[in-house]
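Going down the list, the sequences are from chains A and B. Residue numbering for the first sequence follows the numbering used here, starting at 8 and increasing by one per position. Residue numbering for the second sequence follows the numbering used here, starting at 8 and increasing by one per position. By construction, the Cβ of each residue, glycine as well, lies at the ideal position given by its N, Cα and C atoms. What follows is a set of notes on a single structure, which appears directly below.
2 protein chains.
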Amino acid sequence: MSTAKTARAVGDTAMPDGFSFAVEAVDGRARAGQLLTPHGEVETPCFMPVGTKATVKALAPRLLEELGARILLANAYHLFFRPGTEIVAAHGGLHRFMGWPGPILTDSGGFQVFSLGDTRVLRDDGVEFASVYDGSRHVFTPQRAMAIQQDLGADIVMCFDECAPGTLTRECIAAAVERTTRWAAACKEAHGRRDQLLVGIVQGGVDEELRRRSAAELLDIGFAAYAIGGLSVGERGEEMLATVALLDELLPAGKLRYFMGIGDPLGIVDVVGRGVDVFDCVLPTRLARTGTAFTADGRLNLRNAAFAADMRPLDSECDCYCCRHFTRAYLRHLVNQKEMLAAELLSLHNLRVLVRLAGAARASIKAGRFDAFAEDIHVRFAAGGQ
Amino acid sequence: MSTAKTARAVGDTAMPDGFSFAVEAVDGRARAGQLLTPHGEVETPCFMPVGTKATVKALAPRLLEELGARILLANAYHLFFRPGTEIVAAHGGLHRFMGWPGPILTDSGGFQVFSLGDTRVLRDDGVEFASVYDGSRHVFTPQRAMAIQQDLGADIVMCFDECAPGTLTRECIAAAVERTTRWAAACKEAHGRRDQLLVGIVQGGVDEELRRRSAAELLDIGFAAYAIGGLSVGERGEEMLATVALLDELLPAGKLRYFMGIGDPLGIVDVVGRGVDVFDCVLPTRLARTGTAFTADGRLNLRNAAFAADMRPLDSECDCYCCRHFTRAYLRHLVNQKEMLAAELLSLHNLRVLVRLAGAARASIKAGRFDAFAEDIHVRFAAGGQ
């Protein structure tokens, strides 16, 4: 599938055709906004479920629609190898391949190239690495990452970056910032689909100077939206939040901000309170597959014998299909018997909890009572023991 | 949970309260009927999906409703051990435990006692065996099997029997017939719930004299419905069909007939053509979990590389959610990546195929053209190579 090459100029930060983003309300640092894409509207703050291999594990698209998901993620690295970009492109792109009519975001594969396998070789123009599927060797460059994502056809695509955790040495993180900037410029140069929003990713670990440098360099190149990468990967919580707060000051107020990889309710509330609009994580669906459920008061591990004869729903405040029809005792039975229905029902529930949480955060921001909302969530989770 | 003991007299074959069965049309030996239960109506011929552990694997009850399932199976042996009969009874029975509002049938556990584990000891009053879950030793008797099934609370319950495949020696099968008769009398004596239909099970392998003996003895005891057990367990197809045809002559024309364990489209058409009303099997959902789909023209194994870029639905004649939204290429991707959504979508599709098949058989019987219908199914499957 060939795609038109009409690269945008350095410094151009206009939204592409069919996109817009507007901040509708601000409360402290928290923002309520609206993102328009060619495949529909997303009200922010918004949690984005992760469908790495073009499926949110265990959940059919219609269930995702039902639980209120508005935008999904998929992953360029995995789809490049399986089923192969050309198979997705032959369907006309990811929307039709995975049967999801709403907006989709693809991650570039940068994170996977660096985190999967241990045989990568850094090159000036990109990274050589071994496929996690069959060990075959490949090179991803910014140009390659853009071509793959253009063929996959998501609404929102990510720059090819190097995710450097704050736990690395400052030299390593600085080098990752340098590469990320260079590659971001190359991605912008290479990206040509006018119906895709290309997002720049700020790196720099939890080092204030490196974060300032990374943000400034990306702002110089100019993107229509910015992501915060390299957090929630092992650093201390207070360092993470200080870094998000710093970026709230550095990133343009009118542009969409995406925190890459946060999915626990407390963390979501904390980053929304520091100016983040959209966020994603595998946590809710991964926890579901181990028998753990989010509730209004913390997490429940259904393997616990205490639930063997518990006739209550998972969460009496939840309106999801799982909570309206099944008891904790039944769900525990499914989990213990390794029945697939357990993963389906708990995934649906956990995602619904995060969708409702984001919706409640939005309502509180618009009502000017976000601080009270965030405090309430913290108190509940402290009482529930997390 | 205590249940009233109002055992019925030998020879009484009346339907219990809230039940009725009527044959509405006959075409050759094939029958179209209507079964009423306290939890709803079942039009026959009818395929009953199997939910051994109180869940049809991978499918939430609402999806089963949507695909047209009208009655589900569950298994007394498995539920006795996990989660334990008392947990199900505390929910008020299986319907509320598993969130299925329609009719439910429980198998007695006889088949499992004989087929799982190899440490069983036959006793006059029942079978001593080791639990497949933890090796603990237990005794199932007709009385115990009735008590468990009464507490589980299905609409239709099965006598505790010994399933003797036609591949055993005649002596073994004859002994199993003797025990099955004795236990059937004990089950009828012990069963007291007037809101449950107790079904007698005919055994006898593929031996005409033993089948006649078993049928005659069960008819003497008297049941309101009869099952054909001990077939589809290794005997030759023509022997199986001859045995079903024999039982069509022996069993009362006005009573429901249940063939235990048949789920391939050809086999279903063949037994319906010999007077069977309802039937069950794990095959459609088990095949789904290995990536195999029923279609109008035979089976497809989606692991086959031929489907890698196949943009067609599984079955262009199918109206299920899977066929309306996804390509074979996408389904193959899900199967190869071991994504749970593959099992969900293929289970839904395979069950929908059997539900539609049974519905088409019913329509053809009512229209007096069952033979042409059965011939068409045979020709299609022969062409499809399965």
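Would you kindly report the start and end of the unbroken beta strand (DSSP E) that includes residue i?
i: residue 235/B; result: 232 to 235
i: residue 395/A; result: It is not possible to answer for residue 395/A, since the shown part of chain A is limited to 8 through 393.
i: residue 27/B; result: 27 to 34
i: residue 146/B; result: 144 to 147
i: residue 41/B; result: 37 to 44
i: residue 140/A; result: No beta strand (DSSP E) holds residue 140/A; DSSP gives it neither H nor E.
i: residue 300/B; result: 299 to 302
Mind listing the chain A neighbours of residue i? Cutoff is C-beta to C-beta under 9 Å, in chain order.
i: residue 310/B; result: In chain order: nothing, as chain A lies at least about 13 Å away.
i: residue 352/B; result: 67
i: residue 97/B; result: 316, 318, 336
Quick one: list the residues of chain A neighbouring residue i, beta-carbon separation under 8 Å, in chain order.
i: residue 203/B; result: Under the 8 Å cutoff, chain A gives no residues; its nearest Cβ is about 22 Å from residue 203/B.
For residue i and residue j, what's the separation of their Cα atoms in angstroms?
i: residue 423/A; j: residue 225/A; result: Nothing about residue 423/A can be reported from this structure: the residues present for chain A run from 8 to 393 only.
i: residue 129/B; j: residue 122/B; result: 13 Å
i: residue 335/A; j: residue 138/B; result: 25 Å
i: residue 59/B; j: residue 156/B; result: 14 Å
i: residue 94/A; j: residue 379/A; result: 49 Å
i: residue 349/A; j: residue 219/B; result: 45 Å
i: residue 311/B; j: residue 229/A; result: 47 Å
i: residue 362/A; j: residue 167/B; result: 49 Å
i: residue 1/A; j: residue 152/A; result: Outside the modelled stretch of chain A, which goes from 8 to 393, sits residue 1/A, for which no answer is possible.
i: residue 109/B; j: residue 41/B; result: 15 Å
i: residue 26/B; j: residue 356/B; result: 30 Å
i: residue 384/A; j: residue 302/A; result: 11 Å
i: residue 4/B; j: residue 133/B; result: Here chain B covers residues 8 to 393 and nothing more, so residue 4/B does not appear.
i: residue 332/A; j: residue 359/A; result: 15 Å
i: residue 10/A; j: residue 158/A; result: At residue 10/A the pLDDT is 45, less than 50, meaning the model places this residue with poor confidence; the figure from the coordinates comes in the next sentence. Approximately 8 Å between the Cα atoms of the pair.
i: residue 280/A; j: residue 119/A; result: 29 Å
i: residue 217/B; j: residue 254/B; result: 11 Å
i: residue 127/B; j: residue 87/B; result: 17 Å
i: residue 289/A; j: residue 63/A; result: 9 Å
i: residue 136/B; j: residue 169/B; result: 13 Å
i: residue 285/B; j: residue 258/B; result: 14 Å
i: residue 101/B; j: residue 196/B; result: 23 Å
i: residue 283/B; j: residue 256/B; result: 12 Å
i: residue 33/B; j: residue 235/B; result: 20 Å
i: residue 295/B; j: residue 266/B; result: 22 Å
i: residue 392/A; j: residue 347/B; result: Only weak support is given to the placement of residue 392/A: the predicted model assigns it a pLDDT of 49, under 50, and the question is left unresolved by the model.
Residues of chain B with a CB under 9 Å from the CB of residue i: which are they?
i: residue 343/A; result: 89, 90
Provide the residue span of the alpha helix (DSSP H) that contains residue i, from first to last.
i: residue 55/B; result: Counting along the chain, residue 55/B falls outside any alpha helix (DSSP H), though it belongs to the beta strand (DSSP E) covering 53 to 56.
i: residue 357/B; result: 347 to 373
i: residue 104/A; result: 101 to 105
i: residue 17/A; result: Run containing residue 17/A: none; DSSP gives neither H nor E here.
i: residue 92/A; result: 92 to 97
i: residue 292/B; result: 290 to 296
i: residue 165/B; result: Taken as a continuous stretch (DSSP letters only), residue 165/B belongs to no alpha helix (DSSP H), being part of the beta strand (DSSP E) at 163 to 165.
i: residue 183/B; result: 177 to 197
i: residue 218/B; result: 215 to 228
For residue i, count neighbouring C-beta atoms within 10 Å of its own C-beta (all shown protein chains included) and say buried if the count is 16 or more, exposed if not.
i: residue 19/B; result: exposed
i: residue 12/B; result: Low confidence applies here, because residue 12/B scores a pLDDT of 49, under 50, leaving its location unreliable and the question unanswered by this model.
i: residue 183/B; result: buried
i: residue 176/A; result: exposed
i: residue 174/B; result: exposed
i: residue 69/B; result: exposed
i: residue 72/A; result: exposed
i: residue 99/A; result: exposed
i: residue 143/B; result: exposed
i: residue 140/B; result: exposed
Which chain B residues are close to residue i, counting only those with a beta carbon under 7 Å from its beta carbon?
i: residue 346/A; result: 60, 62, 64
Under 8 Å Cβ-Cβ, which residues of chain B neighbour residue i?
i: residue 333/A; result: 106
i: residue 94/A; result: 315, 316, 336, 340
Residue i: beta carbon under 7 Å from a heavy atom of the ligand ZN?
i: residue 96/B; result: The model on display carries no ligand, and the ligand ZN is accordingly not part of it.
With 8 Å as the C-beta to C-beta threshold (strictly closer), list the residues of the region 299 to 328 of chain B near chain A in chain order.
-> Near chain A, meaning a CB-to-CB distance below 8 Å, the residues of the region 299 to 328 of chain B are 315, 316, 318, 328.
Residues from the region 103 to 118 of chain A in contact with chain B, defined by Cβ distance under 8 Å | In summary, the residues of the region 103 to 118 of chain A whose CB is separated from some CB of chain B by less than 8 Å are 104, 105, 106, in the order they occur in the chain.
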